[in-house]
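**Student:** Let me give you the structure first, and then I'll get to my questions.
4 protein chains.
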Amino acid sequence: MAGNITIAIIGAGAADEPTQRLAREAGRELAMRGATLVCGGLGGVMEAAARGAHEAGGQTVGILPGYDRSAANPFIKVPIVSGMGEARNVIVVATGQAVIALRGEGGTLAEIGHALKLQRPVVALAAWRQIEGLHRAQTPREAVELALTLAAGAKA
Amino acid sequence: MAGNITIAIIGAGAADEPTQRLAREAGRELAMRGATLVCGGLGGVMEAAARGAHEAGGQTVGILPGYDRSAANPFIKVPIVSGMGEARNVIVVATGQAVIALRGEGGTLAEIGHALKLQRPVVALAAWRQIEGLHRAQTPREAVELALTLAAGAKA
Amino acid sequence: MAGNITIAIIGAGAADEPTQRLAREAGRELAMRGATLVCGGLGGVMEAAARGAHEAGGQTVGILPGYDRSAANPFIKVPIVSGMGEARNVIVVATGQAVIALRGEGGTLAEIGHALKLQRPVVALAAWRQIEGLHRAQTPREAVELALTLAAGAKA
Amino acid sequence: MAGNITIAIIGAGAADEPTQRLAREAGRELAMRGATLVCGGLGGVMEAAARGAHEAGGQTVGILPGYDRSAANPFIKVPIVSGMGEARNVIVVATGQAVIALRGEGGTLAEIGHALKLQRPVVALAAWRQIEGLHRAQTPREAVELALTLAAGAKA
C-alpha cells in the first residue's frame, strides 16, 4: 500500500488574499483527484490549502512545529505533532511525493531547497521565478495535474 | 477539529509472536472505538498494531525514520516521511494523546522517556514493570480503554 | 582527526545537591583526562557537569533545545543551537562516544534508551538500577574511567 | 559566556576549485579574527572552510547528518553527531550568529531559507544574486568582516 498519492502545498504562513485563493483552489483540485494533502498545519497558505481539500472531502495532514496539537488549523484531519521547530519543514516536503510552491518567504524557500535536495519535484504556482530547477504552472488546476504526473513519475 | 483521538502503540521492531498478538489485538480494539493509530511505521509491534487497526477499518499513521515512504509496512495508510532517524520516536509519542507500550528495547524505552517528559500518559501492556510512572494493563482491551480515558483526560 | 574523545553526561535538569556534586566531579574528572564533555546545555546536572569540566580547563559542548544560544549555562564553551526540542536528546547521546547517566526523569530515560539503541555504552552513576544493559559505577572517577575505556573500545 | 562568536559557512558539498578557494580563505579569515566556524562537517565547501580555519588555528564545529562521527572531514575539531539527515541544516544556520553563503545547490538554498526565517543575517559571497534579503560581499575578507559586524549587531 504505502498510502495514497501525497502532495505537499507550501507557502507563506501569513498570505495575501490572492495567494490564499490559489492555495484553496489547489487544495480542492488535489482532493477532487483523490490525493492527500500534506502541509505545515498552521495558517495562511497552509490553512487555505487544507480548507480547499477539506471542502472537497479530501485527506489533510499537517506537520506541526510544536508539541500542541491544537495549534493545527481547523481543516487538518491528521495533525502530526513534531516538536521539531523549523526542521518540520523537511518532513513536509519529504512526505510529499511532489510539492506545489506558492508565494512565501524564508520558510517556503527552505522547503524548496530541501525538496530539490531530496529530489521531490517542485511545481511553482505563480511564484519563485528566480529559482532554477522548478516546474511552472499558472493555475491551481495546472499545478495539481503537473504535480500528480511528476509524483507518479518519481514513484516509477 | 484537530483530528480524531490518536493513540500511539510502541514496542519492539523485532517482536516475538505473543507480543505481536497483543499489538494486533490492541490495534483492532483502537480502531473499533474509532481512534487513530500512530506508530513508527516499520515491522514487529508497529506492523502488528497497524495490521489490527487496518483489519478493523481504522486509520493508521506511520512516522518513518528515513526518506523512503516504501519502507512503511503494508498496513500504514498515512506514511509520514521524517528523515529524522531515531528522533522520529519523539514525533510518535508527541502525536499520540496517550501511549500504549508493549515489550521492546532501547527505542521503546526512549519513547517511554519522551512520553513521560511530554506528559503523554503511558499504559504499559504486559511489560515495563521496572519503570515508574506508567499505568498498567493486562489485556489489549483494557489497555485501549485506559489509554482512551487518559487521552480524554489529558485533553480536558 | 574526528575530534577529541567525547563523553556525554546526562541527568535531571532540576537536580538535588548530591546529584549536582556527582555531576560536577564527573565533569572535572573528564576534563582532567583531556576528554570533551557534551550535554544538554541547560541547568541541573548539565550545568554542574559543565562547571566541573570548565573548572578543570576542559572543552564543553551544550546541545540546546531552542533557538536562543543565550539559554546555555555559563560553562558551555560550544553552544549548539538545535531548535529540535526534546529530539535534541538524541544528538547529546549520539555525539557522546559513551554516556554517563546520573539520576534523572523522563528526559534522561529517553537519552538512555536512545544510547542503547545507538550502541553508545552507558555508565550509570549511583542511579538507574532498574534498567538492564547499563554499566555501573559508584564514584565519578570510576564512572569516567569506565566511560573512557568503553569509548575507546567502541571506537576500535 | 555562551561561547565565542560563531559564524556558519555554507555551500556545495561537491564544490568547484574556485569555490573551495573562497571557502578556505573565508575559514582562515574567520579564525584569524578569533571566531568559531560551524558547518555541515562533510566535503566541498564544508571541508575547505574547516581546513582554512584549522590552518589558522581556529575552532571548527561540524554538524553531521548521520550517526557516524568518522564521517567528519579531517579539519573538524568538534563533530556533532545529529542523525537528523537534512534537518541538520537547520542546526548549522541556527548555531551561526551570522551565515556566509557560497555557491551551492538545494541544501545550501534550504539553509539560506532557514537563516532568513530564523533572522540570522546571511552574507552571500560571489553567489545567490537571485535571492532577496541577503547581504553581499565580493571577497572572503569582506564577507567575514561583514558577517562579524552583523553577528555583533544581531546579539545587541
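Residue numbers (the working numbering), protein chains in the order written: chain R, 108 to 263; chain V, 108 to 263; chain Y, 108 to 263; chain C, 108 to 263.
Quick reminder that beta carbons are idealized off the backbone N, C-alpha and C, glycines included.
State yes or no: is the beta carbon of residue 193 of chain R nearer than 8 Å to at least one beta carbon in chain Y?
**Tutor:** Yes, residue 193 of chain R lies at the interface with chain Y (some Cβ there is under 8 Å from its Cβ).
**Student:** If you draw a straight line from the C-alpha of residue 202 of chain R to the C-alpha of residue 195 of chain R, how long is it?
**Tutor:** Each residue's alpha carbon lies about 11 Å from the other.
**Student:** Could you check if residue 125 of chain C is buried or exposed, using at least 16 other CB atoms within 10 Å of its CB as the buried criterion?
**Tutor:** Exposed, since its Cβ has fewer than 16 Cβ neighbours within 10 Å.
**Student:** What I want to know is whether the C-beta of residue 134 of chain Y ends up closer than 7 Å to one or more non-hydrogen atoms of the ligand MN.
**Tutor:** The model depicted lacks the ligand MN and carries no ligand whatsoever.
**Student:** Fully enclosed by the stretch 171 to 201 of chain R, which alpha helix (DSSP H) runs are 4 residues long or longer?
**Tutor:** Counting only runs of 4 or more, we get nothing.
**Student:** Taking three-plus beta-carbon pairs below 8 Å as touching, is the stretch 180 to 192 of chain V in contact with the stretch 233 to 240 of chain R?
**Tutor:** Verdict: no, contact absent.
**Student:** Take residue 257 of chain Y and list the residues in its own chain whose beta-carbon comes closer than 6 Å to its own, dropping the five residues that flank it on each side.
**Tutor:** 205, 228, listed in sequence order.
**Student:** For residue 215 of chain R, tell me which candidate among C/221, C/211, C/210 has the shortest Cα-Cα distance.
**Tutor:** The residue with the shortest Cα to Cα distance from residue 215 of chain R is C/221.
**Student:** Measure from the C-beta of residue 190 of chain R to each C-beta in chain V and report whether the shortest distance is under 8 Å.
**Tutor:** By this cut-off, residue 190 of chain R is an interface position.
**Student:** Give the C-beta separation of residue 159 of chain C and residue 132 of chain C to the nearest angstrom, bearing in mind that I take them to be a contact with Cβ-Cβ under 8 Å.
**Tutor:** The pair is a contact, with the Cβ atoms about 6 Å apart (cut-off 8 Å).
**Student:** Per DSSP, which one or two residues make a beta bridge with residue 114 of chain Y?
**Tutor:** Bridge partners of residue 114 of chain Y: Y/144, Y/205.
**Student:** Using a Cβ cut-off of 8 Å, which residues of the stretch 215 to 241 of chain C contact any Cβ in chain D, in chain order?
**Tutor:** The structure shown has no chain D; the protein chains it does contain are R, V, Y and C.
**Student:** Identify, in the order they occur along the chain, each residue of the same chain with its Cβ nearer than 6 Å to the Cβ of residue 197 of chain V, setting aside the five sequence neighbours on each side.
**Tutor:** Correct list, in chain order: 221.
**Student:** With a Cβ-Cβ cutoff of 8 Å, do residue 170 of chain V and residue 189 of chain V count as a contact?
**Tutor:** Against a cut-off of 8 Å, the Cβ pair of residue 189 of chain V and residue 170 of chain V comes out as a contact.
**Student:** If you follow the beta strand (DSSP E) that residue 128 of chain Y is part of, which residue opens it and which one closes it?
**Tutor:** Taken as a continuous stretch (DSSP letters only), residue 128 of chain Y belongs to no beta strand (DSSP E), being part of the alpha helix (DSSP H) at 124 to 139.
**Student:** Which residues in chain V sit within 9 Å of residue 173 of chain Y, going by Cβ to Cβ distance?
**Tutor:** Those within 9 Å of residue 173 of chain Y in chain V number zero; the least Cβ separation is about 15 Å.
**Student:** Give me the subset of the stretch 195 to 208 of chain R whose CB atoms are less than 8 Å from a CB atom of chain V, sorted by chain position.
**Tutor:** Cβ contacts with chain V: 197, 198, 201, 202, 204.
**Student:** Considering residue 232 of chain Y, what are the terminal residues of the beta strand (DSSP E) in which it resides?
**Tutor:** Looking at the DSSP string, the run of the beta strand (DSSP E) that includes residue 232 of chain Y is 229 to 232.
**Student:** Return helix, strand or coil for residue 261 of chain C, following the three-state DSSP convention.
**Tutor:** Residue 261 of chain C falls in the helix class under three-state DSSP.
**Student:** Is residue 187 of chain V close to chain R, meaning its C-beta is less than 8 Å from at least one C-beta of that chain?
**Tutor:** True, the Cβ-Cβ gap to chain R drops below 8 Å.
**Student:** How would you write the range of the alpha helix (DSSP H) that residue 222 of chain C sits in, first residue to last?
**Tutor:** Its alpha helix (DSSP H) spans residues 213 to 224.
**Student:** Three-state secondary structure (DSSP) at residue 169 of chain C?
**Tutor:** Reduced to three states, the DSSP call for residue 169 of chain C is strand.
**Student:** How many Å lie between residue 113 of chain R and residue 138 of chain Y at the Cα?
**Tutor:** Straight-line Cα distance between these residues: approximately 50 Å.
**Student:** Taking the straight line between their C-alpha atoms, what separation do you get for residue 168 of chain Y and residue 181 of chain C?
**Tutor:** In a straight line, the C-alpha of residue 168 of chain Y is about 19 Å away from that of residue 181 of chain C.
**Student:** Is DSSP giving residue 243 of chain R helix, strand or coil here?
**Tutor:** The answer is strand: DSSP assigns residue 243 of chain R an E or B state.
**Student:** Applying the criterion that 16 or more other CB atoms from any shown protein chain within 10 Å of the CB defines a buried residue, is residue 179 of chain V buried or exposed?
**Tutor:** That one is buried.
**Student:** Could you check the C-alpha separation between residue 213 of chain R and residue 163 of chain R for me, to the nearest Å?
**Tutor:** Distance between the alpha carbons of residue 213 of chain R and residue 163 of chain R: 30 Å.
**Student:** Could you check which residue in C/136, C/118, C/135, C/254 has the C-alpha nearest to that of residue 148 of chain C?
**Tutor:** Per the Cα distances, C/118.
**Student:** Rank R/175, R/174, R/245, R/173 by C-alpha distance to the C-alpha of residue 208 of chain R and give the top, closest one.
**Tutor:** Among R/175, R/174, R/245, R/173, the Cα nearest to that of residue 208 of chain R is on R/245.
**Student:** To the nearest angstrom, how far is it from the Cα of residue 123 of chain C to the Cα of residue 151 of chain C?
**Tutor:** One C-alpha to the other measures close to 8 Å.
**Student:** Would you tell me roughly how many angstroms separate the C-alpha atoms of residue 263 of chain C and residue 116 of chain C, rounded to the nearest one?
**Tutor:** Reliability of the predicted coordinates at residue 263 of chain C is poor, the pLDDT of 45 falling under 50, and the value obtained from them is presented with this limitation in mind. Those two C-alpha atoms are separated by around 22 Å.
**Student:** How many angstroms separate the CA atom of residue 121 of chain C from the CA atom of residue 175 of chain R?
**Tutor:** In a straight line, the C-alpha of residue 121 of chain C is about 39 Å away from that of residue 175 of chain R.
**Student:** Going along chain V, which residues have a C-beta under 7 Å from residue 168 of chain R?
**Tutor:** 185, listed in chain order.
**Student:** For chain C, is any of its Cβ atoms less than 8 Å away from the one on residue 212 of chain R?
**Tutor:** Residue 212 of chain R counts as touching chain C.
**Student:** Please state the DSSP three-state secondary structure of residue 159 of chain V.
**Tutor:** Residue 159 of chain V: helix per DSSP, three-state reduction.
**Student:** Mind checking residue 236 of chain C: buried by the 16 CB within 10 Å criterion, or exposed?
**Tutor:** Residue 236 of chain C is exposed by the Cβ-count criterion.
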